[in-house]
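S.K.: Residue numbers (our numbering): 1000 to 1209. Ideal Cβ placement from N, Cα and C applies to all residues, glycine included.
1) So what's residue 1043 in DSSP terms, helix, strand or just coil?
2) Taking the continuous beta strand (DSSP E) assigned at residue 1065, which residues delimit it?
3) Give the DSSP bridge partners of residue 1053, in chain order.
4) Using beta-carbon positions only, say whether residue 1105 and residue 1207 come within less than 8 Å of one another.
5) When the Cβ atoms of the segment 1175-1184 are set against those of the segment 1058-1069, are three or more pairs found closer than 8 Å?
6) Please give the ranges of any alpha helix (DSSP H) in the segment 1132-1207, keeping only runs that are unbroken, at least 4 residues long and fully inside the region.
7) For the segment 1143-1155 and the segment 1105-1117, state whether three or more C-beta atom pairs, one from each stretch, are separated by less than 8 Å.
8) In three-state terms, what does DSSP make of residue 1130?
9) Flag this pair as yes or no: are the beta carbons of residue 1115 and residue 1094 separated by less than 8 Å?
10) Does the pairing of the segment 1127-1146 with the segment 1181-1199 give three or more beta-carbon distances under 8 Å?
11) With distance defined between alpha-carbon atoms, name the residue in 1039, 1120, 1097, 1124 nearest to residue 1051.
12) Confirm, please, whether the CB-CB distance from residue 1073 to residue 1062 is below 8 Å.
13) Which of helix, strand or coil does DSSP assign to residue 1103?
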């Protein structure tokens, strides 16, 4: 518990320090050709979800990103890779501050991003009680925070690939009528995972001027 508190403390300090550095000598204009971008995370499909991010320029170097997540899955025969649930319904929100040094988005390719994460999942699944399968439910509220470093690779004028890596923290709260409510805390991609995360991902994006 003390170790988790120390890690959480260092991440909070980092989140407070980064904006101070980024705003210290920041220009008040946007020099990039684009002020907005929309991107999709293709790998969310493997966890029964879809995530779409929208980001908008506040200044040349500083952008705000809001990522919305939707989860939905309904299966007649749940498999081990699906963590045993019959139905999954949920959503989430990722809010990030993205800092592009030097000339900003579209010119400078590397960025630093950080912010809070919230996800909600309602899962239904069978549980054996006295040798009989009984339908159970688990509601998971998961909170956390991420800090990332990424790279934008433009394909043509407006389309781009975005690669990122970093780390995060997750904490899940469970409400369930099952005898083992933490059944879905079995690994990084589990709906109710609690702990540290190593993050690695890819996005497809489209930049534009609203």
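M.R.: For this structure:
1) In the three-state scheme derived from DSSP, where H, G and I count as helix and E and B as strand, residue 1043 is classed as helix.
2) 1061-1073
3) The bridge partners DSSP lists for residue 1053 are 1037, 1065.
4) Against a cut-off of 8 Å, the Cβ pair of residue 1207 and residue 1105 comes out as no contact.
5) no
6) none
7) yes
8) coil
9) yes
10) yes
11) Relative to the Cα of residue 1051, the nearest Cα in the group 1039, 1120, 1097, 1124 belongs to 1039.
12) The beta carbons of residue 1062 and residue 1073 sit no closer together than 8 Å.
13) coil
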